[in-house]
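Residue numbers (the UniProt record's numbering): 1 to 217. The beta carbon of each residue, even a glycine, is placed where N, CA and C say it ideally should be. See structure below.
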């Protein structure tokens, strides 16, 4: 079913482009953004990213040499700055330990192993780890985030956990680019149609098959 969802969303958003959607192409900046966006909007995370860039801290070696206190001040627009400062320093320490971003992208370690290592880092949860794997390290990964779970539950009436959604998608789609696009398209659909409150069901491309919509008529 996820392949069908993907194909429908591709037709619904024909001009969707991952790089434009992120607004950031540098892999390490995407790593940092994946941490900064926790519990806030991308607008706030982007402000913090801009401040990191202005401070010359979007290079791993430079960021690793910064103090937690100063880093927290730089990323203040993203909120939860002390926790995110610690998470960023832990993440960049891991990146450098692995030989840098480029080496990580070429690593012989499997995606599951890299995910396991990321989840050992303080402040890196499942969604952050999966986002880093997919968008920064070019791995076949996807998050079972709130947008994905909401879409599935409304379409089918079945509530699934983060891990259940993630595994269901990975069982149908295996290419890294497809998984990146699917995730971005699901988010776009969630913002355009499948809103948490007051969803725009009648205009939704899944209206004919959506249990939530038909139950509400």
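Linking residue 1 to residue 172 through their CA atoms gives a straight-line distance of about 8 Å.
Judged by beta-carbon spacing, residue 108 lies beyond the 8 Å limit of residue 140, meaning their Cβ atoms are not closer than that value. Contact annotation: residue 9 and residue 32 have beta-carbon atoms that are not nearer than 8 Å. Counting C-beta atoms within 10 angstroms of its own C-beta, residue 66 has 16 or more neighbours from the protein chains shown and is therefore classed as buried. A distance below 6 Å between beta-carbons, with the five flanking residues on each side excluded, links residue 190 to the following residues of its chain, in chain order: 147. Under the Cβ criterion (8 Å, minimum of three pairs), the region 39-53 counts as touching the region 74-81.
Membership of residue 24 in any alpha helix (DSSP H) is not indicated, and neither H nor E is assigned to it by DSSP. With a beta-carbon spacing of about 5 Å, residue 12 and residue 205 fall inside the 8 Å limit used to define contacts.
If you draw a straight line from the Cα of residue 199 to the Cα of residue 103, it comes to about 43 Å. For residue 169, the CB contacts under 6 Å within the same chain, skipping 5 residues up- and downstream, are 2, 142 in chain order.
By the neighbour-count criterion, in which 16 or more other beta carbons inside 10 Å mark a residue as buried, residue 23 falls on the exposed side. For a cut-off of 8 Å, the C-beta gap from residue 119 to residue 129 is around 5 Å, short enough to register as a contact.
Judged by DSSP in its simplified three-state form, residue 200 adopts coil rather than helix or strand. Boundaries of the alpha helix (DSSP H) around residue 43: 42-54. The beta carbon of residue 162 is closer than 8 Å to those of 126, 127, 143, 144, 145, 149 in its chain, skipping five residues each way along the sequence.
Annotated three-state conformation of residue 106 is coil, per DSSP. For residue 7, the uninterrupted alpha helix (DSSP H) segment begins and ends at 2-12. Cβ atoms of residue 184 and residue 35 stay farther apart than 8 Å, at about 19 Å.
Here residue 157 carries a coil assignment [DSSP, helix/strand/coil]. Cα atoms of residue 116 and residue 100: separation of roughly 18 Å, rounded to the nearest angstrom.
In the same chain as residue 88, and ignoring 5 residues on each side of it, the C-beta atoms closer than 7 Å to its own belong to 32, 35, 63, 71, in chain order.
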